[in-house]
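Q: Before anything else, here's the structure in question.
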Amino acid sequence: MKSVLITFDQAHYERVVAALDRLNCRGFTYWDQVKGRGSETGEPHFGSHAWPAMCSAILAMVEDDRVEPLLTVLKRMDESREQLGLRAFVWNVEQYI
Numbered sequence: 005m006k007s008v009l010i011t012f013d014q015a016h017y018e019r020v021v022a023a024l025d026r027l028n029c030r031g032f033t034y035w036d037q038v039k040g041r042g043s044e045t046g047e048p049h050f051g052s053h054a055w056p057a058m059c060s061a062i063l064a065m066v067e068d069d070r071v072e073p074l075l076t077v078l079k080r081m082d083e084s085r086e087q088l089g090l091r092a093f094v095w096n097v098e099q100y101i
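Mind the numbering: the sequence shown is residues 5 to 101 in our numbering, read in order.
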């Protein structure tokens, strides 16, 4: 089992959730409004007058064999709208209840 943290411009929300559904990745936690900026490219998402865009985040629990297909879909999504921003980070899940 892996945890996948997906941070994305709010405009991606429906597409991200649809990708999770298609790949049968059911368990996730969603944060509606988070702030941040990319380490290399893209516009900051600060929810301010100067930078009004906001991000969202999903922490998904994903079976090992579904991680690569999910990352492939998310990478395509990011490449289709690079200025919006989308990132995914994967960690091992050691234990859970």
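Just so it is clear, CB atoms sit at the ideal spot from N, CA and C, and this is done for glycine as well.
Assign F93 to buried or exposed, taking buried as 16 or more other Cβ atoms, counted over all protein chains shown, within 10 Å of its Cβ.
A: It counts as exposed.
Q: Using C-beta distances below 7 Å, list every residue in its chain close to P73, excluding the 5 sequence neighbours before and after it, in chain order.
A: Cβ neighbours of P73 beyond the five flanking positions: L27.
Q: In chain order, what residues of the same chain have a beta carbon less than 6 Å from the beta carbon of V38, not counting five sequence neighbours either side?
A: Within the same chain, V38 has close Cβ partners C59, A61.
Q: Buried or exposed for I10, going by 16 or more other Cβ atoms inside 10 Å?
A: Buried is the call here.
Q: Run through the DSSP bridge pairs and tell me what V1 is partnered with.
A: Because the chain in this structure spans residues 5 to 101, residue 1 falls outside the shown range and cannot be described.
Q: DSSP three-state label for Q37, please.
A: Q37 falls in the strand class under three-state DSSP.
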